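Step one of this worksheet: look at the structure below.
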Amino acid sequence: MSGGVDSTVAAKLLIDQGHEVEGITLWFCSYPGAPDYRGMTKCCS
12 MSGGVDSTVA AKLLIDQGHE VEGITLWFCS YPGAPDYRGM TKCCS
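Just so you know, we're using the working numbering here: the sequence shown kicks off at 12 and counts up by one.
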């Protein structure tokens, strides 16, 4: 999930149509001092 409203709304529309939906977010933070997002379970949308 992008964290924006569009992907969340698209997922909701698909769910409403009976589709099984799974959302993922990829974090690519490999620089020194990057935040640790492991275990994050909340959506920004």
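Glycine residues also receive a C-beta, built at the ideal position from the N, C-alpha and C atoms. These numbers come from a predicted model, not from an experiment.
Does residue i come out as helix, strand or coil in the three-state DSSP assignment?
{"i": "residue 18", "result": "helix"}
{"i": "residue 35", "result": "coil"}
{"i": "residue 23", "result": "helix"}
What is the C-beta distance between residue i and residue j, in whole angstroms, given that I count them as a contact (C-beta under 8 Å)?
{"i": "residue 45", "j": "residue 32", "result": "Not quite, the Cβ-Cβ distance comes to about 29 Å (not below 8 Å), so this is no contact."}
{"i": "residue 12", "j": "residue 34", "result": "4 Å"}
Give every residue of the same chain whose Cβ lies closer than 8 Å to the Cβ of residue i, excluding the five residues on either side of it in the sequence, and list them in chain order.
{"i": "residue 39", "result": "none"}
{"i": "residue 25", "result": "32"}
Would the beta-carbon of residue i be found less than 7 Å away from any heavy atom of the ligand MG?
{"i": "residue 34", "result": "Annotation note on the ligand MG: not contained in the displayed structure, which lists no ligands."}
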